[in-house]
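A.B. asks: Sharing a structure, written as structure tokens. Questions coming.
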Amino acid sequence: MAGLRVVLVLGVTLSASVALASDWQYAGYAKTPISEAHLFFDTQSVSRPSQGVTRVWVKSIKTRILDRYAKTHEKLVTEKAARKVAVYYRPQFLELPVAQAMYSAPNALAKAAVEITLYEVLANEPDIVSETALYFEIDCIGKRYRLLAATLYKDDGTVGKSTTTSNSTFQFIAPDTNAERFSLLVCPSK
């Protein structure tokens, strides 16, 4: 009986550590001719290997996947989002000046806070299939970024293509882009 208790405690402990492994927060929206997706960054993966350099995982989830999951699991997702909103949670994305400008109409920021919180809840659901998982290195001082790893997923969640590189070329971060928003979200404030 004592052995069973140890196994149960160990199982619960391991499950809890897996559940807390990622904290996906909203980072933006991207629309291409073939896809429409919301972007999230993992706060738990943010690292600073050297001064002025930040590394972070970013994933994209197709809007249709998010909408379908929200509709199918409406009660669960709504309750989780409501619990966060009830304790005055506000997505970090909405602290960005560009986001505040996007939602400047009366009550628009409050509505966006609820909607983005809902997307964050969805992004943290283990059943949601990502479109991509990307590992970026950001030169916060030089305002540049490069891709270190990328995984593209098929609609069924299996890996379609994956690549890793340590010598990719830095690209400059253009104003008013998702790359700029990522850098503002994860680079240390001056």
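Just add 158 to wherever you are in the sequence shown, counting from 1, and you've got the working numbering.
Where a beta carbon is used, it is the ideal one built from N, C-alpha and C, also for glycine.
#1: Within 10 angstroms of its Cβ, does Q329 collect 16 or more other Cβ (buried), or is it exposed?
#2: Please determine if the region 184–198 and the region 215–229 are in contact, where contact requires at least 3 C-beta pairs separated by less than 8 Å.
#3: For the alpha helix (DSSP H) containing E237, list its first residue and its last residue.
#4: Check each candidate in G315, A307, D314 and name the one with the smallest Cα separation from N325.
#5: Just tell me which of S347, N336, P346, L343 has its CA closest to the CA of K189.
#6: Check each candidate in K301, T290, H231 and name the one with the smallest Cα separation from H316.
#7: Using CA coordinates, which residue listed in I274, E273, L342, A270 is at the minimum distance from K301?
#8: Buried or exposed: where does A332 fall if 16 or more other Cβ atoms within 10 Å of its Cβ makes it buried?
C.D. replies: Straight from the coordinates:
#1: In the sequence shown, the residue the question calls residue 329 occupies position 171. Looking at its Cβ environment, which holds fewer than 16 other Cβ atoms inside 10 Å, Q329 is exposed.
#2: yes
#3: The count along the sequence shown starts at 1 and reaches residue 237 at position 79. Its alpha helix (DSSP H) spans residues 232–244.
#4: Indexing the sequence shown from 1 puts residue 325 at position 167. The shortest Cα separation from N325 among G315, A307, D314 belongs to A307.
#5: For the purposes of this step, residue 189 is taken as residue 31 along the sequence shown, with counting starting at 1. The option with the nearest alpha carbon to K189 is N336.
#6: Counting from one through the sequence shown, the residue named residue 316 turns up at place 158. Note on residue identity: the sequence assigns Thr, not His, to residue 316. Nearest C-alpha to T316: T290.
#7: Taking the first residue of the sequence shown as 1, we reach residue 301 at position 143. Minimum Cα distance to K301 is reached at L342.
#8: Here residue 332 refers to the residue found at position 174 of the sequence shown. Result: exposed.
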